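The sequence shown runs 13 to 205 under this note's numbering.
Glycine included, each C-beta is placed from N, C-alpha and C at the ideal position.
Keep in mind the model is a prediction, meaning the values are calculated, not measured.
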Amino acid sequence: MMEFEKFRELLRADRSIRRFDENKRIDESVLKKLVELMRYCSSGRNLQPLRYRIVSSADECEKVFPALKWAGYLTDWDGPKEGERPTGYLVQCLDTDLTRNLLCDDGIQLQALTLGAQTLGIGGCIIKSFNVDIIQKGLHIPENMKPLYVLALGYPVEKVVIEDIANGDIKYWRDPESVHHVPKRELSELIIS
Ligand SMILES: Cc1cc2nc3c(=O)[nH]c(=O)nc-3n(C[C@H](O)[C@H](O)[C@H](O)COP(=O)(O)O)c2cc1C
Numbered sequence: 013m014m015e016f017e018k019f020r021e022l023l024r025a026d027r028s029i030r031r032f033d034e035n036k037r038i039d040e041s042v043l044k045k046l047v048e049l050m051r052y053c054s055s056g057r058n059l060q061p062l063r064y065r066i067v068s069s070a071d072e073c074e075k076v077f078p079a080l081k082w083a084g085y086l087t088d089w090d091g092p093k094e095g096e097r098p099t100g101y102l103v104q105c106l107d108t109d110l111t112r113n114l115l116c117d118d119g120i121q122l123q124a125l126t127l128g129a130q131t132l133g134i135g136g137c138i139i140k141s142f143n144v145d146i147i148q149k150g151l152h153i154p155e156n157m158k159p160l161y162v163l164a165l166g167y168p169v170e171k172v173v174i175e176d177i178a179n180g181d182i183k184y185w186r187d188p189e190s191v192h193h194v195p196k197r198e199l200s201e202l203i204i205s
């Protein structure tokens, strides 16, 4: 059984990563292994309506990348440069033949995916800002599969640190050494008194 402290550390280390070693590709079998974890996630009405398009080849990764918008708060950064781009993606899709009314299955599964990836030394970034058309057409995703999120994955080359929020500012930022800082609310703010 996993100890609470170990779980807490795993979660603390599970930061959004946006710069990767593009020479270190993720094998398709590893991405499949992550998708297999989805079988064990809770699901509203136990409908299990989410599906995944696995992207692992360099060719397909190149098709996905231009569709993505990175780090809105870093206004002077256009996203990872060549050599630091993701080496795998999971496109989470809703099977609209089953339902259009999703509960929170998407978030539950995304968190399980990033935690699972983390245990394999793989970093990721959940991406909601993306061009659906480019993804759907570029990857030949059937019309009844609605892309909800893109999870960008790869072996990290960036350092990310958590810090307490100062002056209520939740915007993440990068220091001159390129370390990415993520302000998090303190426990006292999370608990309603
Ligand atoms: C639902 C959701 C949507 C997100 N969409 C994007 C996105 O479109 N682009 C991006 O660069 N990061 C995106 N992120 C990553 C967040 O910016 C990141 O989670 C936040 O800055 C906190 O950093 P942390 O994940 O390291 O805690 C998203 C995260 C979540 C949970």
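List the DSSP bridge partners of residue i.
i	result
Arg24	For Arg24, which the question treats as bridged, DSSP gives no partner whatsoever.
Cys105	Arg63, Pro159
Cys137	Ala164
Val194	Ile174
Arg186	His192
Gly100	Leu165
Phe32	Pro168
Which of the three DSSP states is assigned to residue i in this structure?
i	result
Leu122	helix
Gly180	coil
Gly91	coil
Glu15	coil
Cys73	helix
Arg57	helix
Arg112	coil
Arg214	Given that the chain is displayed from residue 13 to residue 205, the structure contains no residue 214 and the question cannot be resolved.
Leu132	coil
Assuming residue i is part of the beta strand (DSSP E), what are its boundary residues?
i	result
Ile174	172–176
Taking 7 angstroms as the cut-off, is the CB of residue i close to at least one heavy atom of ligand 2?
i	result
Cys137	In terms of ligand content, the structure shown lacks ligand 2 and carries ligand 1 instead.
Sort the options by Cα distance to residue i and report the nearest one.
i	options	result
Gly180	Val191, Ile120, Glu198, Asp187	Glu198
Gly56	Pro154, Val172, Thr111	Thr111
Gln121	His193, Tyr161, Val169	Tyr161
Gly84	Lys196, Tyr184, Leu202	Tyr184
Arg30	Gly133, Gln60, Tyr167, Phe142	Tyr167
Leu23	Gln60, Thr108, Ile174	Ile174
Glu201	Ala178, Glu189, Asp187, Val191	Ala178
Asp33	Leu165, Glu189, Leu46	Leu165
Pro61	His193, Asn113, Ser69	Asn113
If you follow the alpha helix (DSSP H) that residue i is part of, which residue opens it and which one closes it?
i	result
Lys81	Element bounds for Lys81: n/a, residue is neither H nor E.
Leu43	40–48
Ile146	144–150
Ser200	199–202
I believe residue i touches residue j by the beta-carbon criterion, under 8 angstroms. Please report the beta-carbon distance rounded to the nearest angstrom.
i	j	result
Thr99	Asp26	The pair is not a contact, with the Cβ atoms about 18 angstroms apart (cut-off 8 angstroms).
Leu151	Lys75	7 angstroms
Val42	Leu102	At roughly 11 angstroms, the Cβ-Cβ gap does not stay under 8 angstroms, so Val42 and Leu102 are not in contact.
Does any residue of chain B have a CB that is nearer than 8 angstroms to the CB of residue i?
i	result
Arg37	Although the question refers to chain B, the structure presented lacks it and comprises just one protein chain.
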